[in-house]
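First the structure, in the form of structure tokens, and then the observations on it.
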Amino acid sequence: MCDTCGCNVTHGNRHLLAPGGKLQKTASGGEAFTVLKNLLSENDHIAAHNREHFDRHQVLAINLMSSPGAGKTALLEATIDALGDRYRLAVIEGDLETENDAQRIRARGIDAVQITTGSACHLDAHMVHDAVHQLDLAQLDILFIENVGNLVCPASFDLGQHRNVTLLSVPEGDDKPAKYPVIFRAADAVAITKVDLLPLLDDFQVQRASGHVRALASSAPLLELSTRRDGGIDSWLAWLDGELAAYRTHCARGATLRPRIQPEGARLHGLAP
Amino acid sequence: MHELSVCQALLTQVENLARERNASQVLSVSLGIGPLSGVEPALLSQAWPLAAAGTVADNAELLIEERPVRVRCSQCGEESDATANRLLCARCGDWRTQLLSGDDLLLLQVELETAYV
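Same order as they appear, the protein sequences are chains Y and P. For the first sequence, our numbering begins at 18 and goes up steadily by one. For the second sequence, our numbering begins at 317 and goes up steadily by one.
Following this line, the structure appears as structure tokens:
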């Protein structure tokens with residue numbers, strides 16, 4: 018049973034909880050208790066708490082996920098150069114080891130908190146919560162969370178972010194969304210990075226990548242980006258502008274934004290649309 | 317290998333439940349897992365004994381019900397089976413579908429040995 022609100026007791030399962038339902042002896046002599054609770058409900062609880070922190074200060078939180086080397090930090094550097102004068106930005110960096118990425122961000126005059134996960138292959142809501150308390154949210158407009166470079170594990174953990182962005186760099190090949198469906202399905206926007214390499218790596222077809230993303234029943238826009246060209250991240254900057262405006266509109270109504278795809282726990286708690 | 321993290325989170329829930337019910341041991345733990353949860357049932361099964369060792373769930377059997385990927389088409393209304401990387405409508409082929417099941421990551425049931433049995 019849900020410890021907090023009982024919201025997961027529905028018409029479909031109420032009978033299991035009633036006396037004489039599944040609360041009876043089993044073949045092996047024990048008592049069976051129906052639970053119907055997300056495995057990561059504790060993480061999801063902290064994630065909701067993080068989201069409340071962000072919303073209190075109207076800070077748009079964006080989770081960046083990709084394989085290692087897809088260009089998450091380079092995209093953030095270019096974003097800081099382009100938007101640093103207009104918006105107050107900060108970054109939470111997730112890596113197994115080193116402060117390297119946080120130092121790259123700080124070199125541009127932006128606050129960065131480095132989370133070193135040791136052997137953990139993903140960020141979870143607890144780690145982000147600790148990092149958030151090292152930042153002054155009242156002084157921020159957008160918080161970027163650069164997840165651990167990994168196309169598998171980060172997809173399963175809600176951090177409290179408002180939007181997910183999954184990066185796919187051209188050298189990785191256009192079929193990554195078909196190979197790693199969970200993380201690309203979670204994306205509110207897919208950033209195709211290093212498109213300046215398309216003339217060299219002509220086996221990467223943006224159209225094919227797009228087809229693989231649509232096959233995940235995703236309407237996420239595909240943003241073609243290069244941090245090495247003038248105007249190469251304009252579509253990303255426009256997307257950010259749009260998301261920040263939408264977020265502020267939601268906040269003004271006392272609502273929040275959530276990633277398009279919600280983990281099971283959020284749906285059970287009636288949080289998803 | 318985030319399955320160990322998932323197992324530890326699961327174990328915390330199971331231990332809490334066992335404590336609330338004054339259980340002497342946990343006999344079995346039933347999960348419902350879909351491929352779009354991002355959690356691999358086989359890896360979870362391997363991680364479970366490591367996480368549960370020395371706890372009230374030490375001897376508990378982990379039962380995993382693998383949930384099918386099912387979608388409903390927003391265009392033609394058909395409900396059909398799909399696969400993790402191809403969530404298209406089986407009837408009209410449209411990509412604008414809604415997931416009905418397949419991203420489940422649920423603790424369904426815990427079987428406890430209690431003092432009153």
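Backbone N, C-alpha and C fix where the C-beta goes; we use that ideal spot for every residue, glycine too.
- Going by C-alpha positions, Gly348 (chain P) is about 14 Å away from Leu359 (chain P).
- Think of a sphere of 7 Å around the beta carbon of Pro188 (chain Y): no beta carbon from chain P falls inside it, the nearest being about 21 Å out.
- Each of Y:Ile278, Y:Leu242, Y:Arg246 and Y:Arg180 was checked against the Cα of Ser252 (chain Y), and the nearest Cα belongs to Y:Leu242.
- In the three-state reduction of the DSSP assignment, Asn80 (chain Y) falls in the strand class.
- Cβ proximity to chain Y below 8 Å picks out Val387 from the segment 378-396 of chain P.
- Against chain P, the beta carbon of Val199 (chain Y) has neighbours under 7 Å at Leu352 and Gly354, listed in chain order.
- Around the Cβ of Pro171 (chain Y), a 10 Å sphere holds 16 or more other Cβ atoms; the residue is buried.
- Nearest CB-CB separation between Asn338 (chain P) and chain Y: not below the 8 Å threshold.
- The beta carbon of Cys268 (chain Y) does not come within 8 Å of any beta carbon belonging to chain P, so the residue lies off that interface.
- Between the C-alpha atoms of Asp191 (chain Y) and Ile209 (chain Y) there is a straight-line separation of about 9 Å.
- When C-beta atoms of the segment 216-232 of chain Y are compared with those of the segment 192-205 of chain Y, three or more pairs fall below 8 Å, so the two segments count as touching.
- Apart from the 5 residues on each side of it in sequence, Asp420 (chain P) sits with its Cβ closer than 8 Å to the Cβ of Gly348, Ile349, Gly350, Ser353 and Arg383 in its chain, given in chain order.
- With distances taken between CA atoms, Ala398 (chain P) lies nearest to P:Val385 out of P:Cys392, P:Val385 and P:Glu427.
- For Cys389 (chain P), the uninterrupted beta strand (DSSP E) segment begins and ends at Arg386 to Cys389.
- Scanning its chain for C-beta atoms nearer than 7 Å, with the 5 sequence neighbours on each side dropped, one finds around Cys323 (chain P) the residues Leu360, Ala363, Trp364 and Ala367, in chain order.
- The contact set of Glu427 (chain P) on chain Y, defined by CB atoms closer than 8 Å, consists of Thr43, Ser45, Gly47, Glu48, Ala49 and Phe50 in chain order.
- Per DSSP, reduced to three states, the secondary structure at Phe201 (chain Y) is helical.
- DSSP lists P:Leu422 as the bridge partner or partners of Asn55 (chain Y).
- Not a single C-beta of chain P is nearer than 8 Å to the C-beta of Val149 (chain Y).
- At least 8 Å separates the CB of Thr371 (chain P) from every CB of chain Y.
- Following the DSSP letters along the chain, one finds Ala208 (chain Y) inside the beta strand (DSSP E) bounded by residues Ala206 to Thr210.
- Between Ile127 (chain Y) and Leu106 (chain Y), the alpha-carbon positions lie close to 7 Å from each other.
- Chain-ordered listing is empty here: chain Y has no CB closer than 8 Å to the CB of Leu366 (chain P), the nearest sitting near 14 Å.
- Per DSSP, reduced to three states, the secondary structure at Asn375 (chain P) is coil, with no helix or strand assignment.
- At a cut-off of 8 Å between C-beta atoms, Leu422 (chain P) counts as an interface residue with respect to chain Y.
- DSSP places Gln178 (chain Y) in the coil class of the three-state scheme, outside both helix and strand.
- In the DSSP assignment, Asp220 (chain Y) falls outside any beta strand (DSSP E) and carries neither an H nor an E.
- Here Lys211 (chain Y) is near Ser186 (chain Y), since their CB atoms are less than 8 Å apart.
- Contiguous beta strand (DSSP E) elements confined to the segment 76-120 of chain Y occur at 77-82 and 106-112, taking only those with 3 or more residues.
- Taking a C-beta distance under 8 Å as the contact criterion, Asp213 (chain Y) and Val182 (chain Y) do not qualify as a contact pair.
- Here His179 (chain Y) is buried. Its C-beta has 16 or more other C-beta atoms within 10 Å.
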